[in-house]
Structure formats: C-alpha cells, structure tokens
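The next block holds one structure in the form of structure tokens; read it before the comments.
Residue numbers (the working numbering): 2 to 214.
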C-alpha cells in the first residue's frame, strides 16, 4: 500500500555471502498497446495523442482492474486520504498536479504538467521544445542521472539514439505491450571477457609459433 510512482526493484548476483546489488527503477511504461486501458469500465485510463497513458482521476471508480491487468505492477491504488495528513502536506502538494483522493488509481504521468509547460514556453518563444530542456521530476532529482527523457519522434534526440543502441531492451518484451520506456544493460563481466580474450590470443600466438617452427 505504499504510494510511490517509481518502484525500485533490487536484485542480487554473485557470491551469496558478498553479492553485488543491481537496482532497476520501474515506472509506468506508457505502452502503445497498454493492457490497462482495455479493462477500465469507465475509461479513466486512456491513451493521449502524444502517446502517453493518462489518468483521468475524476472518472476513476476504483475497480483496480487496470492494476490487475498491468504486467509491470506500477499502478497504485490510493488507500488513504493523504491530504488529511497535515505534517508532510507542504512537501507533497503541487499546484500544477491534480490532488488525488482516496479510492482512485495513481501512477507515473511522465510529468505531463511539465510537458505542457515546456510546450507553452516554447510556443511563446516561437520555437520547438529543445531536446534536454524538459526534465521529469525523477530525472531532475536522480543524483546518478540514470533517466533520459525526450521525444522519440525526433531521431536526433538523446532518448531516440539511446533506444537504438545495442544494449537497449524492453522489460517483458515478449508481452508485446510496446512500452515507451527502455533499459540499458550494463556489461559487468569486462574482466572475464578481457581474460578470455587474452587467453584466446595467447593460444593463437602459440599455434603460430609452432606452425612457423
């Protein structure tokens, strides 16, 4: 019943006594073929013309069908009226974001309010939204810069280039949900690969010496 829009999954690899830790942030994938949209009886979760999976909070009646049908388990049901809790309210309330009430579903929105603000500012300036000028809240607050956000329709954007890299992959790709979020694998066996490469080269050098002799 935690209310978080970014879930961090933790995996352990290697020696059980001293394992390496791998962290993977998981947010709403904003799928083109979103399983959550087709099961909502009141169309509270819909696809926008920009490709985002949007929530219309005042339509939501709390059936939680969308959460059950989400393979990534990133949709959260609002069990409590957090607005009634005075202590952290000044830290949580954002005048640009709709206040959600008990009984509705929540999830990552790709900071749609920031997208709209950036587009409005660009329109007033008579230009397009430049790549990198818009940052989501998670991207802005992440100290290690693991998030990249941008326009996938722009082939020159950083996120478009990242999508095309060999290390890029989709989470649960076999489900064909066509997510708008991808991950990059990290090569962790560099030392092993280097060692095997050196052994391989040495064996060939030995073969050459024997051949020439």
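For glycine and all other residues, C-beta sits at the position ideal for the given N, C-alpha and C.
Contact fails between the region 49 to 60 and the region 130 to 141, because fewer than three Cβ pairs, one in each stretch, are under 8 Å apart. In the DSSP assignment, residue 26 falls within the unbroken beta strand (DSSP E) covering 21 to 27. The C-beta distance from residue 75 to residue 28 rounds to 6 Å, short enough to fall under 8 Å. Between residue 79 and residue 102, the C-beta spacing is below 9 Å.
DSSP, reduced to helix, strand and coil, places residue 62 outside both helices and strands of the structure shown, so it counts as coil. Take residue 12, set aside five residues on each side of it, and the residues of its chain with a beta-carbon closer than 6 Å to its own are 23, in chain order. DSSP links residue 5 through a beta bridge to no other residue. Only residues of its own chain outside the window of five on either side were considered, and among them 21 have a CB closer than 6 Å to the CB of residue 15, listed in chain order. Collapsing the DSSP output to three states places residue 78 in a strand.
DSSP places residue 169 in the strand class (E or B) of the three-state scheme. Here residue 47 is not near residue 64, since their CB atoms are 9 Å or more apart.
Within its own chain, the residues whose Cβ lies closer than 6 Å to the Cβ of residue 173, once the five positions on either side in sequence are excluded, are 72, listed in chain order. Beta-carbon to beta-carbon, residue 138 and residue 149 are separated by about 14 Å, too far to satisfy the 8 Å threshold.
At least 9 Å separates the beta-carbon of residue 110 from that of residue 155.
In the three-state reduction of the DSSP assignment, residue 13 falls in the strand class, which pools E and B.
For residue 157 and residue 151, the gap between their C-alpha atoms comes out near 10 Å.
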